[in-house]
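Participant: What follows is a single structure, and I will ask about it in a moment.
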Amino acid sequence: MDQSDALQRVVHAAISQRQVVRPGGGGTKEFLLPAAADAVLVSTAEHEGILHYHPDELVIRVRSGTRLIDLQATLSEAGQYLPCEPPSFGAAGTVGGMVAAGLAGPSRPYVGGVRDYVLGMKLILPSGEIAAFGGDVMKNVAGYDITRLNVGARGSLGLILEVALKVLPIPEVVQVYGLTCDPSLAQRHMLAQRRLTGLSASAYCDGELLVRYQGSKRAKTAFEQALGQGFVPVSNAGLAAVRDLSFAHTEHLWRWDGAVDAPVTGRLVAMDWGGALRWFASDVAPHNAGDKGVITWFRPSEGVLPALTLRADGVGRLQQRVKTALDANGSFIGYPALRPSS
Amino acid sequence: MLSEVITSSLRQIDDLELIEDPSRRKVYESDGLTAIAQMPPLVGLPNSLQALQEALRICHNHGVPMVARGAGTGLSGGATPLADGLLIGLAKFNRILEIDPVKMTARVEPGVTNLAISKAVASAGLFYAPDPSSQIACTIGGNVAENSGGVHCLKYGLTLHNVCALKIMLADGEVLSLGGTGLWEDGLDLLALLHGSEGLLGLVIEVTVALRPVPEAVTVLMAGFKDTNAAANAVSAVIQAGVLPAGLEMMDRLAIQAAEDFVHAGYPLEADALLLCELDGSDAEIAGLSEAVQAVLQAAGADSLVEASDAAARARLWLGRKAAFPAVGRIAPDYYCMDGTIPRRHLAEVLAAITDRSVHYGLPVANVFHAGDGNLHPLILYDANDSDQFQRAEAFGADVLAICLQFGGTITGEHGVGLEKIDQMCNQFTALELAVFHAVKSAFDPSGLLNPGKAIPTLNRCAEFGAMHVHQGAQKHPELPRF
Ligand SMILES: Cc1cc2nc3c(=O)[nH]c(=O)nc-3n(C[C@H](O)[C@H](O)[C@@H](O)COP(=O)(O)OP(=O)(O)OC[C@H]3O[C@@H](n4cnc5c(N)ncnc54)[C@H](O)[C@@H]3O)c2cc1C
Ligand SMILES: Cc1cc2nc3c(=O)[nH]c(=O)nc-3n(C[C@H](O)[C@H](O)[C@H](O)COP(=O)(O)OP(=O)(O)OC[C@H]3O[C@@H](n4cnc5c(N)ncnc54)[C@H](O)[C@@H]3O)c2cc1C
Numbered sequence: 006m007d008q009s010d011a012l013q014r015v016v017h018a019a020i021s022q023r024q025v026v027r028p029g030g031g032g033t034k035e036f037l038l039p040a041a042a043d044a045v046l047v048s049t050a051e052h053e054g055i056l057h058y059h060p061d062e063l064v065i066r067v068r069s070g071t072r073l074i075d076l077q078a079t080l081s082e083a084g085q086y087l088p089c090e091p092p093s094f095g096a097a098g099t100v101g102g103m104v105a106a107g108l109a110g111p112s113r114p115y116v117g118g119v120r121d122y123v124l125g126m127k128l129i130l131p132s133g134e135i136a137a138f139g140g141d142v143m144k145n146v147a148g149y150d151i152t153r154l155n156v157g158a159r160g161s162l163g164l165i166l167e168v169a170l171k172v173l174p175i176p177e178v179v180q181v182y183g184l185t186c187d188p189s190l191a192q193r194h195m196l197a198q199r200r201l202t203g204l205s206a207s208a209y210c211d212g213e214l215l216v217r218y219q220g221s222k223r224a225k226t227a228f229e230q231a232l233g234q235g236f237v238p239v240s241n242a243g244l245a246a247v248r249d250l251s252f253a254h255t256e257h258l259w260r261w262d263g264a265v266d267a268p269v270t271g272r273l274v275a276m277d278w279g280g281a282l283r284w285f286a287s288d289v290a291p292h293n294a295g296d297k298g299v300i301t302w303f304r305p306s307e308g309v310l311p312a313l314t315l316r317a318d319g320v321g322r323l324q325q326r327v328k329t330a331l332d333a334n335g336s337f338i339g340y341p342a343l344r345p346s347s
Numbered sequence: 490m491l492s493e494v495i496t497s498s499l500r501q502i503d504d505l506e507l508i509e510d511p512s513r514r515k516v517y518e519s520d521g522l523t524a525i526a527q528m529p530p531l532v533g534l535p536n537s538l539q540a541l542q543e544a545l546r547i548c549h550n551h552g553v554p555m556v557a558r559g560a561g562t563g564l565s566g567g568a569t570p571l572a573d574g575l576l577i578g579l580a581k582f583n584r585i586l587e588i589d590p591v592k593m594t595a596r597v598e599p600g601v602t603n604l605a606i607s608k609a610v611a612s613a614g615l616f617y618a619p620d621p622s623s624q625i626a627c628t629i630g631g632n633v634a635e636n637s638g639g640v641h642c643l644k645y646g647l648t649l650h651n652v653c654a655l656k657i658m659l660a661d662g663e664v665l666s667l668g669g670t671g672l673w674e675d676g677l678d679l680l681a682l683l684h685g686s687e688g689l690l691g692l693v694i695e696v697t698v699a700l701r702p703v704p705e706a707v708t709v710l711m712a713g714f715k716d717t718n719a720a721a722n723a724v725s726a727v728i729q730a731g732v733l734p735a736g737l738e739m740m741d742r743l744a745i746q747a748a749e750d751f752v753h754a755g756y757p758l759e760a761d762a763l764l765l766c767e768l769d770g771s772d773a774e775i776a777g778l779s780e781a782v783q784a785v786l787q788a789a790g791a792d793s794l795v796e797a798s799d800a801a802a803r804a805r806l807w808l809g810r811k812a813a814f815p816a817v818g819r820i821a822p823d824y825y826c827m828d829g830t831i832p833r834r835h836l837a838e839v840l841a842a843i844t845d846r847s848v849h850y851g852l853p854v855a856n857v858f859h860a861g862d863g864n865l866h867p868l869i870l871y872d873a874n875d876s877d878q879f880q881r882a883e884a885f886g887a888d889v890l891a892i893c894l895q896f897g898g899t900i901t902g903e904h905g906v907g908l909e910k911i912d913q914m915c916n917q918f919t920a921l922e923l924a925v926f927h928a929v930k931s932a933f934d935p936s937g938l939l940n941p942g943k944a945i946p947t948l949n950r951c952a953e954f955g956a957m958h959v960h961q962g963a964q965k966h967p968e969l970p971r972f
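As given, the protein sequences belong to chains C and G, one line each in that order.
Heads up: the first sequence begins at 6 in our numbering, then just goes up one per residue.
Heads up: the second sequence begins at 490 in our numbering, then just goes up one per residue.
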């Protein structure tokens, strides 16, 4: 049901009472916004529905409150899927939340992330007015890319009402292979296997390297041969656990984003993206891997929040200027502080 | 003109070649959109980042506008000089700084040409996927600024999807690295924002591109159809069959004939529409894939079907498509290349509407189409020496853009807005949306010195243009001239 008017009224009311707006969908990723507790939650949960879907054009447009699982069901009926493989943090997760959280699954290095599949957007701006950017077409360079700027912005630049997404045909075969090994051997394999045709995931968790093939039936044998000794077909469960971050941890969960060939160190919980994304569990921020990567906080333990800060470098300042330019009155929540304070 | 104070300060900079001689400056008076020319008062060709930074600072301190130029192949006037600004040529930054065969990336300076990247990494078994037809000349900096595409974008994406990191220089000389060393960076995605920003937000001074392994096997299918509708349906059928071709291009009769006359690619001259479908993958799968797609094309009514699997034969088929613009250039004194994208299901209606306008203006049109992603390039044939024809071509072009909007598309798929389509921006976006663009600009370039007057119209300009936005397409005055 179209709830645009109602959502707009709620946003206007919040603005007029000088309350800060926090857009929300299914609330499955609220852990992403630890500091936003006093903001007014404006939920898109009722604003759902598929607006149009043209499988032969590989484009779907949906309302932001559409459940991710409903979107996925519609796509799979037509033999298509969302290649960015967003994590499933439960059935309540919405398309708006997926886009605003910008979290991409294991296929990120091979087929792209959420931002690579978002074509257009309609949103309630921090002023309370409704605007549209991008469109329903694959190629569109009119105006700055406000659509992709909102991907991963965590609701800080407006409330997303609609999203147009590029989708792809489901590959003929999807098969995960596993190899039990230690992290450093896993990394050697990850680096050596980067060029395999059909590689669509390369992750490490619980002492097992997980490599996924997707493509045609015919090319699968060649992939298996190229993988080499020791790899055995396994179920999707391990990789799904990496995607959904369903690791057991009592400490804080931290992410590290950096170069695939940076040495593997520390109390590693998992590696994904061929080694470009690493998860660490620890009460204090893990030692930063220098210029080879950046540590950010991701998910709390039961304990107190660690001391976090906004990026203070030139890029961080420019990001702040962009936020201020688009939300001069600070009507919407800010992007959360994720960097450990040193 | 630039004041003597500024010119003489710029002369002091080491590693900055200044072009003051009018006959040498004239080379820079337009980009690929030759219909608009402006003699630059001064051209600076920095040879080091320090020289570039010093030049920017001088201009910034004196409020002198700046226009970046790569190879000047842009088709929308993005690199057209300003009467009172410095034109900054970045072509001297043409070094490949690092090739990392393990990470499959290359770090290059902005003036490196698109094709030079693929050439440099070929020996490592890699290539850079986005391949604009202008790839022997256009620069990677220009590609980022325009978010350029090419025939391989359906499968491999646009420039945006193939760039992992950028170094940019803001108007005041500040240098920033966007994109980090991994695949995600905390905060707003400014890396995405730079793509397609047409030199208005910052100068791209270094690009790290993602490379891909050269596919083991490649084959190209060419199918002739008796009408464009059948060809369009064939495109849908291929995608519906679950195949994602590396490239899927369409040409209409006039384009086929012009290309065939020019390069003798072996195109079917009796066809009204031609599809070129490139498939790639591993040795094990390519034959089966090709058979499957051939069956789909045949079922969709292809009258002729040719497969080219060896490199020379493939190159010959692609040559006709890649040379389509110059080929059309041979059959008319001038052509005006349009660049709208439409939802593909409306192709037949859009082509009919374009044909109707062609008759109305008495100017022939050839259509070249990135069919897989709905990006249409109608080429309007005219004679620029005939001012009436020139005006009709301009009006025709404006109508084509209006048609694209009417069918839910966009005024530019890959060539950018520049000066050319700045008025149509008033049709595609509301005043509110334009204000968002201006806000972004102000965050990057508060003094408004980078490429002012391009890409994003001022609200005043839109008011003067008179085409107030009508929501979701339906445009009020499609007949309005553009300038
Ligand atoms: C870092 C992180 C880790 C998480 N880990 C887990 C986990 O392990 N397990 C689990 O079950 N859940 C987890 N979550 C919960 C998370 O809330 C969901 O994953 C969520 O992203 C899925 O969509 P949602 O509709 O539930 O979004 P929400 O959780 O409601 O929102 C997610 C983010 O998107 C923004 N947002 C949502 N909708 C819109 C919109 N329409 N317009 C603009 N912004 C919007 C919100 O402001 C918020 O920043 C995590 C969240 C985060 C942020
Ligand atoms: C025959 C022909 C075929 C073409 N085919 C295609 C095609 O298939 N696909 C496609 O997408 N385009 C195509 N184009 C258009 C053009 O080649 C592209 O837009 C290209 O990216 C422009 O690159 P350039 O180096 O020539 O940039 P220029 O024309 O010099 O500049 C283009 C814009 O980018 C800005 N700019 C340039 N360098 C930088 C920098 N380093 N930092 C910041 N801003 C910068 C300029 O200010 C300007 O706004 C074609 C053009 C021609 C003439």
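Idealized CB from N, CA, C, for every residue including glycine.
The region 135 to 151 of chain C: which residues have C-beta closer than 9 Å to a C-beta of chain G, in chain order?
Facilitator: I135, A136, A137, F138, G139, G140, D141, V142, M143, K144, N145, V146, A147, G148, Y149, D150 and I151
Participant: At a CB distance below 9 Å, what residues from the region 658 to 675 of chain G approach chain C? Give them in sequence order.
Facilitator: L659, E663, V664, L665, S666, L667, G669, T670, G671, L672, W673, E674 and D675
Participant: Hey, does I175/C have any beta-carbon neighbour from chain G nearer than 9 Å?
Facilitator: By 1-based counting over the first sequence, the position of residue 175/C is 170. Yes, its Cβ sits closer than 9 Å to a Cβ of chain G.
Participant: For L531/G, count neighbouring Cβ atoms within 10 angstroms of its own Cβ and tell me buried if that reaches 16, exposed if not.
Facilitator: Mapped onto the second sequence, residue 531/G falls at position 42. That one is buried.
Participant: So, is the C-beta of H849/G closer than 9 Å to a C-beta in chain C?
Facilitator: Along the second sequence, read from residue 1 onward, the residue named residue 849/G stands at position 360. No, because no Cβ of chain C sits closer than 9 Å to the Cβ of H849/G.
Participant: Within 8 Å: the Cβ of L692/G and any heavy atom of ligand 2?
Facilitator: Here residue 692/G is taken as the residue at index 203 of the second sequence, counted from 1. Within the cutoff, so yes.
Participant: Does S132/C have its Cβ less than 9 Å from a Cβ in chain G?
Facilitator: For this step, residue 132/C is matched to residue 127 along the first sequence. Yes, S132/C lies at the interface with chain G (some Cβ there is under 9 Å from its Cβ).
Participant: To the nearest angstrom, report how far apart L665/G and L315/C are at their CA atoms.
Facilitator: Reading the second sequence from its first residue, position 176 is the one you call residue 665/G. Reading the first sequence from its first residue, position 310 is the one you call residue 315/C. Spanning the two alpha carbons is a distance of roughly 17 Å.
Participant: Please name the residue in K715/G, V782/G and V724/G whose C-alpha comes closest to that of D761/G.
Facilitator: On the second sequence, position 272 is the one that residue 761/G refers to. Among K715/G, V782/G and V724/G, the Cα nearest to that of D761/G belongs to K715/G.
Participant: Between T301/C and N334/C, what straight-line distance do the alpha-carbon atoms span, to the nearest angstrom?
Facilitator: For this step, residue 301/C is matched to residue 296 along the first sequence. For this step, residue 334/C is matched to residue 329 along the first sequence. Between the C-alpha atoms of T301/C and N334/C there is a straight-line separation of about 27 Å.
Participant: Check the Cβ-Cβ distances between N718/G and every residue of chain C, and say whether any is below 9 Å.
Facilitator: Residue 718/G sits at position 229 when you count from the first residue of the second sequence. By this cut-off, N718/G is not an interface position.
Participant: Could you give the uninterrupted runs of the alpha helix (DSSP H) lying entirely in the region 645 to 695 of chain G, keeping only those of 4 residues or more?
Facilitator: 679 to 683
Participant: Report the partner residues of S85/C according to the DSSP bridge assignment.
Facilitator: To locate residue 85/C, count along the first sequence from 1; it is residue 80. One point to set straight first is that residue 85/C is Gln, not Ser, in the sequence displayed. In DSSP, Q85/C forms a bridge with P174/C.
Participant: Is the Cβ of S622/G closer than 9 Å to any Cβ of chain C?
Facilitator: As a working mapping, residue 622/G is identified with position 133 in the second sequence. By this cut-off, S622/G is not an interface position.
Participant: Would you verify that the beta carbon of T899/G is, or is not, closer than 9 Å to some beta carbon of chain C?
Facilitator: Mapped onto the second sequence, residue 899/G falls at position 410. Yes, because at least one Cβ of chain C sits closer than 9 Å to the Cβ of T899/G.
Participant: How far does the beta strand (DSSP E) with Q527/G in it extend, from its first residue to its last?
Facilitator: By 1-based counting over the second sequence, the position of residue 527/G is 38. Where Q527/G is concerned, there is no enclosing beta strand (DSSP E), given that its DSSP letter is neither H nor E.
Participant: Given a threshold of 16 other Cβ atoms within 10 Å of its Cβ, counted over all protein chains shown, does L522/G qualify as buried or as exposed?
Facilitator: Taking the first residue of the second sequence as position 1, residue 522/G is located at position 33. Looking at its Cβ environment, which holds 16 or more other Cβ atoms inside 10 Å, L522/G is buried.
Participant: How is the alpha helix (DSSP H) around F228/C delimited, first residue to last?
Facilitator: Taking the first residue of the first sequence as position 1, residue 228/C is located at position 223. Unbroken alpha helix (DSSP H) run through F228/C: K225 to L232.
Participant: Can you pull the chain C neighbours of G578/G, defined as C-beta to C-beta under 9 Å?
Facilitator: The residue you call residue 578/G lines up with position 89 of the second sequence. In chain order: nothing, as chain C lies at least about 23 Å away.
Participant: When the Cβ atoms of the region 303 to 322 of chain C are set against those of the region 498 to 509 of chain G, are three or more pairs found closer than 8 Å?
Facilitator: With the rule of 3 Cβ pairs closer than 8 Å, the region 303 to 322 of chain C does not count as touching the region 498 to 509 of chain G.
Participant: In whole angstroms, what separates the C-alpha of G339/C from that of S931/G?
Facilitator: Against the first sequence, residue 339/C aligns to sequence position 334. Against the second sequence, residue 931/G aligns to sequence position 442. One C-alpha to the other measures close to 19 Å.
Participant: Report, in whole angstroms, the separation of the C-beta atoms of L173/C and L63/C, which I expect to be a contact under 8 Å.
Facilitator: As a first step, residue 173/C must be located in the first sequence, where it is residue number 168. As a first step, residue 63/C must be located in the first sequence, where it is residue number 58. Indeed they touch by this definition, with Cβ atoms about 6 Å apart.
Participant: Given that E90/C touches chain G, what residues does it touch there, using C-beta distances under 7 Å?
Facilitator: Here residue 90/C is taken as the residue at index 85 of the first sequence, counted from 1. What E90/C touches in chain G: nothing, since even the nearest Cβ is about 13 Å away.
Participant: By the 10 Å Cβ neighbour count, where 16 or more other Cβ atoms means buried, how is H960/G classified, buried or exposed?
Facilitator: As a position in the second sequence, residue 960/G is number 471, starting the count at 1. Bear in mind that a pLDDT of 41 at H960/G, under 50, signals an unreliable position, so the number given afterwards is only what the model happens to contain. Classification of H960/G: exposed, given that the 10 Å Cβ count is below 16.
Participant: Report the rounded CA-to-CA distance for L541/G versus K656/G, giving the unit in angstroms.
Facilitator: Stepping through the second sequence from its first residue, residue 541/G is reached at position 52. Stepping through the second sequence from its first residue, residue 656/G is reached at position 167. If I take the Cα positions, the gap works out to 13 Å.
Participant: In its own chain, which residues sit with a C-beta less than 8 Å from the C-beta of R200/C, not counting the 5 before and 5 after it?
Facilitator: The residue given as residue 200/C occupies position 195 in the first sequence. Excluding its 5 nearest sequence neighbours in each direction, R200/C has no C-beta neighbour in its own chain below 8 Å.
Participant: Beta carbons nearer than 8 Å to chain G: which residues of the region 53 to 67 of chain C have them?
Facilitator: H59, P60, D61, E62, L63 and V64
Participant: Return no unless some Cβ of chain G is closer than 9 Å to the Cβ of S205/C.
Facilitator: One-based indexing of the first sequence puts residue 205/C at position 200. Output row for S205/C: interface = no.
Participant: Starting from W278/C, follow the alpha helix (DSSP H) in both directions and report where the run begins and ends.
Facilitator: Numbered from 1 along the first sequence, position 273 holds the residue referred to as residue 278/C. Counting along the chain, W278/C falls outside any alpha helix (DSSP H), and DSSP gives it neither H nor E.
Participant: Taking 8 Å as the cut-off, is the C-beta of L579/G nearer than that to any heavy atom in ligand 2?
Facilitator: Residue numbering aside, residue 579/G sits at position 90 when the second sequence is read from its first letter. Yes, the Cβ of L579/G comes within 8 Å of a heavy atom of ligand 2.
Participant: Under 9 Å, do Q527/G and A572/G count as touching if we go by C-beta distance?
Facilitator: Your numbering for residue 527/G matches position 38 in the second sequence. Your numbering for residue 572/G matches position 83 in the second sequence. Yes. Within cutoff.
Participant: Where does the unbroken beta strand (DSSP E) through Q1/C begin, and where does it stop?
Facilitator: Chain C is shown only over 6 to 347; residue 1/C falls outside these bounds and no answer can be derived.
Participant: Please state the DSSP three-state secondary structure of A44/C.
Facilitator: Within the first sequence, numbered from 1, the residue matching residue 44/C stands at position 39. In this structure, A44/C counts as coil in the three-state DSSP scheme.
Participant: Give a yes or no on whether the minimum CB-CB distance between D872/G and chain C is below 9 Å.
Facilitator: Taking the first residue of the second sequence as 1, we reach residue 872/G at position 383. Judged by the 9 Å Cβ criterion, D872/G is not in contact with chain C.
Participant: CB of D520/G to nearest heavy atom of ligand 2: below 8 Å?
Facilitator: Taking the second sequence and counting its residues from 1, one reaches residue 520/G at position 31. Flag set: Cβ of D520/G near ligand 2.
Participant: Grab the span of the alpha helix (DSSP H) containing S189/C for me, first residue to last.
Facilitator: Counted from its first residue, the first sequence places residue 189/C at position 184. That run of the alpha helix (DSSP H) goes P188 to A197.
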